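Q: Just dropping this structure here.
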Amino acid sequence: MLIFKRMLLVFGALFSFAAAGSAFAADGQPSPWQLGFQKAATPIMEQITSFHTFVTVIIVVIALFVLALLVYVMVRFNENSHPLPSRTAHNTPLEIAWTVVPILILVAIAIPSFRLLFAQYDMPSPDLTITATGSQWYWTYEYPDHGITFDSLMVQEADLKEGQPRLLTVDREVVVPVNKNVQVGVKANDVIHDWAVPSFGIKLDAVPGRLQSTWFRAERTGVFHGQCSELCGRNHAFMPITVRVVTDEEFAAWLEKTKAAANDTGDTSKLAAAGKQN
Ligand SMILES: [Cu+2]
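As structure tokens, this is what we get:
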């Protein structure tokens, strides 16, 4: 049938767009024509991505099944081809089937859904703890075990260096070691903000007067970008989040450099030079 051929063409075009988008995608940031998620960098995001794919397949199958039934009814039972309507009102096996099959589908969705939910809340013992505090309109990061505190502000478009994404680059990045469990405490100073990094599968509201926490374990090095994801005022779109995942050695060197700079002035947050990453 022509309509199915056309639908196949449309789906084919969409999939090739998605494939092309991900082929050109830079890691840890959105890309032009992107359709799916950013590439997962944590086990939780991998689980989110595969759950999303699983549910999408189920939705597509159901939608196509219903479409096929509708087309069948329109063709087979219209007035021309079926002038004498059937008087059938009940079909017990069919009614049991259309009750039980949806229940089974919902159970099949619920099992991985709850598994994912528990994995997100099942916080492993942290190797590193940081806190992110939202203010209008920037983030303040603290490494409580290392005495490091600094503000992280968006880099203006005119000051961007080669390869730095617009609206996503900050002057001082969060630096964390690779393959380590990082616990993130999230809070706010003024209004509700939201600390979100798509490739980590993290999105948590920063609520004034309340400390919430989440966690991630980045499984490869790189720079991962996110944005405040709760409308927080005029400059809501201009308080990005950048996390640089580095090796253990690089992390130790960064800690030392940042701490030494802090000792020089007694305050890491006022120190622009030391914390600026290359
Ligand atoms: Cu905000």
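If you count by my numbering, then the sequence shown holds residues 3 to 280, one letter each, in order.
In this text, a Cβ means the ideal position worked out from N, Cα and C, and glycines have one as well.
Quantities reported herein were computed from a predicted structural model and do not represent experimental measurements.
1. For a test of the three-state rule: what should DSSP assign to valine 225, helix, strand or coil?
2. In whole angstroms, what is the alpha-carbon distance linking aspartate 97 and threonine 58?
3. Between asparagine 80 and the rest of its own chain, which residues show a CB-CB distance below 7 angstroms, the 5 nearest in sequence each way excluded?
4. Closest by CA to isoleucine 150, which one among Ser137, Gln166, Leu130?
5. Counting C-beta neighbours from all protein chains within 10 Å, is the total for threonine 244 16 or more, i.e. buried, or is it exposed?
6. Flag histidine 238 as yes when its Cβ comes closer than 8 angstroms to any non-hydrogen atom of ligand 1, and as no otherwise.
7. How about threonine 216 and tryptophan 197: do their beta carbons lie closer than 9 angstroms?
8. Consult DSSP for methionine 2 and reduce its assignment to one of helix, strand or coil.
9. Looking at ligand 1, does it come within less than 8 angstroms of glycine 207, judged from the CB to the closest heavy atom?
10. In chain order, what residues of the same chain have a beta carbon less than 7 angstroms from the beta carbon of aspartate 147, not counting five sequence neighbours either side?
11. Please list the terminal residues of the continuous beta strand (DSSP E) segment that includes valine 103.
12. Kindly examine ligand 1 and report whether one of its heavy atoms sits closer than 8 angstroms to the Cβ of glycine 136.
13. Compute the Euclidean distance between the alpha carbons of isoleucine 50 and leucine 118, then round it to the nearest angstrom.
14. Can you look up aspartate 196 in the DSSP assignment and give me helix, strand or coil?
15. Report, in whole angstroms, the separation of the C-beta atoms of threonine 223 and valine 176, which I expect to be a contact under 8 angstroms.
16. Starting from leucine 206, follow the beta strand (DSSP E) in both directions and report where the run begins and ends.
17. Quick one: residues in its chain with C-beta nearer than 6 angstroms to the C-beta of methionine 125, no 5 flanking neighbours on either side, listed in chain order?
18. So arginine 174 packs on phenylalanine 152, CB below 8 angstroms; how close in whole Å?
19. Taking DSSP's pairing of strands, which residues face valine 176 in a bridge?
20. With a threshold of 16 other CB atoms inside 10 Å of the CB of phenylalanine 1, please say whether the residue is buried or exposed.
21. In angstroms, rounded to a whole number, what distance separates the CA positions of lysine 205 and serine 231?
22. Pop quiz: phenylalanine 39 and proline 200 are said to be a contact at Cβ under 8 angstroms. What is the actual Cβ separation, rounded to whole angstroms?
23. Following the continuous beta strand (DSSP E) through valine 184, name the residue where it begins and the one where it ends.
24. Which residues in the same chain as leucine 213 place their Cβ atom closer than 7 angstroms to its Cβ, once the five residues preceding and following it in sequence are excluded?
A: Looking at the atomic coordinates:
1. Counting from one through the sequence shown, the residue named residue 225 turns up at place 223. Three-state result, valine 225: strand.
2. In the sequence shown, counting from the first residue as 1, residue 97 sits at position 95. In the sequence shown, counting from the first residue as 1, residue 58 sits at position 56. First, the amino acid is wrong: residue 97 is glutamate here, not aspartate. Roughly 26 angstroms separates the two Cα atoms.
3. Within the sequence shown, residue 80 is the residue found at index 78, counting from 1. Excluding the 5 residues flanking it on each side, asparagine 80 has no same chain C-beta neighbour closer than 7 angstroms.
4. Your numbering for residue 150 matches position 148 in the sequence shown. Taking each of Ser137, Gln166, Leu130 in turn and checking the Cα distance to isoleucine 150, the smallest one comes out for Leu130.
5. Start at 1 with the first residue of the sequence shown, and residue 244 comes out as number 242. It is buried - the Cβ of threonine 244 has at least 16 other Cβ atoms within 10 Å.
6. Counting from 1 along the sequence shown, the entry for residue 238 is found at position 236. The answer is yes for histidine 238.
7. Translated into positions along the sequence shown, residue 216 becomes position 214. Translated into positions along the sequence shown, residue 197 becomes position 195. Less than 9 angstroms divides the Cβ of threonine 216 from the Cβ of tryptophan 197.
8. Limits of the chain in this structure are 3 at one end and 280 at the other, which puts residue 2 out of reach.
9. Residue numbering aside, residue 207 sits at position 205 when the sequence shown is read from its first letter. Checking the sequence shown, residue 207 turns out to be aspartate, not glycine. Aspartate 207: no, Cβ never under 8 angstroms from ligand 1.
10. Stepping through the sequence shown from its first residue, residue 147 is reached at position 145. Cβ neighbours of aspartate 147 within its own chain (closer than 7 angstroms, five residues either side excluded): Thr131.
11. On the sequence shown, position 101 is the one that residue 103 refers to. Per DSSP, valine 103 belongs to no beta strand (DSSP E); it is in the alpha helix (DSSP H), 94 to 123.
12. Within the sequence shown, residue 136 is the residue found at index 134, counting from 1. Flag set: Cβ of glycine 136 near ligand 1.
13. Position 48 of the sequence shown holds residue 50. Position 116 of the sequence shown holds residue 118. Taking the straight line from one Cα to the other gives about 7 angstroms.
14. What you label residue 196 is simply residue 194 of the sequence shown in a count that begins at 1. Aspartate 196 sits in a strand when the DSSP states are folded into three classes.
15. For the purposes of this step, residue 223 is taken as the residue at position 221 of the sequence shown. For the purposes of this step, residue 176 is taken as the residue at position 174 of the sequence shown. Taking the Cβ atoms as the reference, threonine 223 lies roughly 14 angstroms from valine 176, outside the contact range of under 8 angstroms.
16. Looking up residue 206 in the sequence shown gives position 204. 204 to 208 is the span of the beta strand (DSSP E), which, as asked, contains leucine 206.
17. To locate residue 125, count along the sequence shown from 1; it is residue 123. For methionine 125, where only same-chain residues beyond five positions count, the Cβ hits under 6 angstroms are Trp217.
18. Start at 1 with the first residue of the sequence shown, and residue 174 comes out as number 172. Start at 1 with the first residue of the sequence shown, and residue 152 comes out as number 150. Contact holds; Cβ gap of about 5 angstroms.
19. Translated into positions along the sequence shown, residue 176 becomes position 174. Note: valine 176 sits in a beta bridge opposite Val245.
20. Lying before the first or after the last residue shown, residue 1 is absent from the chain, which here runs from 3 to 280.
21. Along the sequence shown, one-based indexing puts residue 205 at 203. Along the sequence shown, one-based indexing puts residue 231 at 229. One C-alpha to the other measures close to 8 angstroms.
22. What you label residue 39 is simply residue 37 of the sequence shown in a count that begins at 1. What you label residue 200 is simply residue 198 of the sequence shown in a count that begins at 1. Yes, they are in contact, since the Cβ atoms of phenylalanine 39 and proline 200 sit about 7 angstroms apart, within 8 angstroms.
23. Position 182 of the sequence shown, counted from the start, is the residue given in the question as residue 184. Where valine 184 is concerned, the enclosing beta strand (DSSP E) stretches over 184 to 190.
24. In the sequence shown, counting from the first residue as 1, residue 213 sits at position 211. Once the five neighbours on either side are set aside, the close Cβ partners of leucine 213 are Gly187, Lys189.
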